[in-house]
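Engineer:
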Amino acid sequence: MLPDGLRPPRAVVRDAGSWTLQSVLQRHGLGPVAGVDEAGRGASAGPLVVAACVLRPGDARALDGLTDSKLLTPAAREYWFDRIVRRALDRAVIVVPPAEVDRRGVHVANIEGMRRAVAALTVAPPGYVLTDGFAVRGFGRPALAVPKGDQVAACIAAASVLAKVTRDRIMTELDTVHDRYGFAVHKGYNTPEHEAALHEYGPCAEHRFSFANVAAVAGRGVPTGLVHNEVRNEEVPEDVEGAAGEAGPTRWEPMEIVTGGAGR
10 MLPDGLRPPR AVVRDAGSWT LQSVLQRHGL GPVAGVDEAG RGASAGPLVV
60 AACVLRPGDA RALDGLTDSK LLTPAAREYW FDRIVRRALD RAVIVVPPAE
110 VDRRGVHVAN IEGMRRAVAA LTVAPPGYVL TDGFAVRGFG RPALAVPKGD
160 QVAACIAAAS VLAKVTRDRI MTELDTVHDR YGFAVHKGYN TPEHEAALHE
210 YGPCAEHRFS FANVAAVAGR GVPTGLVHNE VRNEEVPEDV EGAAGEAGPT
260 RWEPMEIVTG GAGR
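Each residue of the sequence shown is one higher than the one before, counting from 10 in our numbering.
1) Using 8 Å for Cβ pairs, my map puts residue 131 next to residue 58. What's the rounded Cβ distance?
2) Out of 215, 129, 168, 219, point me to the one whose CA is closest to residue 77's CA.
3) Taking 8 Å as the threshold (C-beta atoms), are residue 126 and residue 140 in contact?
4) Identify whether residue 164 lies in helix, strand or coil by the three-state DSSP scheme.
5) Kindly provide the ranges of any beta strand (DSSP E) runs that are 3 or more residues long and lie completely inside the region 30-76, ordered along the chain.
6) Express the C-alpha separation of residue 152 and residue 109 in angstroms, rounding to a whole number.
7) Residues bridged to residue 81 by DSSP?
8) To the nearest angstrom, how far is the alpha carbon of residue 177 from that of residue 70?
9) Per DSSP, which one or two residues make a beta bridge with residue 216?
10) Taking C-beta to C-beta, are residue 197 and residue 52 nearer than 8 Å?
11) Would you kindly work out how many angstroms separate the C-alpha atoms of residue 172 and residue 48, rounded to a whole number?
12) Rounded to the nearest angstrom, what separates residue 235 and residue 50 at their Cα positions?
13) Quickly, what does DSSP pair residue 93 with across the bridge? List them, please.
14) For residue 123 versus residue 33, is the C-beta distance shorter than 8 Å?
15) With a cut-off of 8 Å on the beta carbons, I'd call residue 137 and residue 42 a contact; round off their distance for me.
16) Since residue 142 contacts residue 156 with CB under 8 Å, what's their CB separation in whole angstroms?
17) Which of helix, strand or coil does DSSP assign to residue 144?
18) Do you know whose CA, among 95, 60, 54, lies nearest residue 72's CA?
19) I'd like to check one pair, residue 187 with residue 333: are the Cβ atoms closer than 8 Å?
20) Do you know whose CA, among 61, 182, 204, lies nearest residue 101's CA?
21) Are the CB atoms of residue 283 and residue 133 nearer to each other than 8 Å?
22) Mind checking who residue 100 pairs with in its DSSP beta bridge?
23) Identify whether residue 223 lies in helix, strand or coil by the three-state DSSP scheme.
24) Please return the same chain residues whose Cβ sits closer than 6 Å to the Cβ of residue 90, not counting the five positions on each side in sequence.
25) Three-state secondary structure (DSSP) at residue 137?
Take a look at the structure:
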């Protein structure tokens with residue numbers, strides 16, 4: 010046993026709800042703390058959107074009630090999106106178009122999107138990164154995977170809201186171009202209505218052709234080495250309802266940074 014003078018200081022964890030992890034890391038000089046999350050991983054149409062967010066350490070009261078975007082109503086998500094944009098110390102949102110998901114594979118595209126989102130945090134470069142559920146390397150700083158992170162870490166919840174609202178807005182816009190699929194309603198997830206439209210009209214340019222259901226309708230084989238369609242039931246937001254386009258160009262450039270910077 011080491012003498013008292015040589016022992017490293019112990020981290021004392023005080024329960025501060027969804028701000029506990031951030032508070033402990035800040036207290037030990039490891040901040041700023043960034044949360045990272047994505048939206049659209051399990052959808053078979055539309056982009057994958059990844060967000061990173063750094064919240065102000067003293068904003069727990071101002072952001073009381075912030076939680077996982079999947080647990081919020083669409084109206085509540087819009088409210089929190091605007092509030093996060095105004096108050097965040099730094100934020101970045103990366104849009105990965107379907108063609109890039111097809112080329113890289115959804116998991117690799119997701120990881121690369123996370124790395125680029127964190128790298129885009131230039132106003133408050135993080136000293137520590139929290140990810141939702143699984144470990145990610147390559148941030149250039151320490152990182153921790155947090156089980157159910159979007160429910161227990163406020164910065165991950167903020168990232169989930171930024172990613173979800175950004176993606177929902179994109180899918181609503183795409184619905185005006187490809188109006189036969191119901192993108193504005195089901196947001197590209199595999200609802201029965203989406204599957205019916207996919208079989209009736211075939212895929213459009215916004216579908217992910219490396220996903221098994223899209224590849225089958227298109228008469229293509231799924232590219233080997235890519236991991237797709239491993240979506241769990243809970244990855245489809247509860248507020249997504251079903252609904253029933255002609256092909257058009259993909260308008261979102263690979264890994265485009267669509268938002269960023271500090272709040273006010």
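For each residue, glycine too, the CB sits at the ideal point set by N, CA and C.
Bear in mind that the values here come from a model prediction, so they are computed numbers and not experimental data.
Structural biologist: If we stick to the structure as given:
1) Not really, about 20 Å apart at Cβ, beyond 8 Å.
2) 168
3) no
4) helix
5) 42-48, 57-63
6) 25 Å
7) In DSSP, residue 81 forms no bridge with anything.
8) 27 Å
9) 54
10) yes
11) 5 Å
12) Note on residue 235: pLDDT 49, under 50, position unreliable in the model; no value is reported.
13) The partner list for residue 93 (beta bridge, DSSP) is empty, contrary to what the question assumes.
14) no
15) 5 Å
16) 6 Å
17) coil
18) 95
19) There is no way to answer for residue 333, as the model of the chain reaches only from 10 to 273.
20) 61
21) In the structure as shown, the chain starts at 10 and stops at 273, and residue 283 therefore has no counterpart that could be examined.
22) 62
23) helix
24) 170, 174
25) strand
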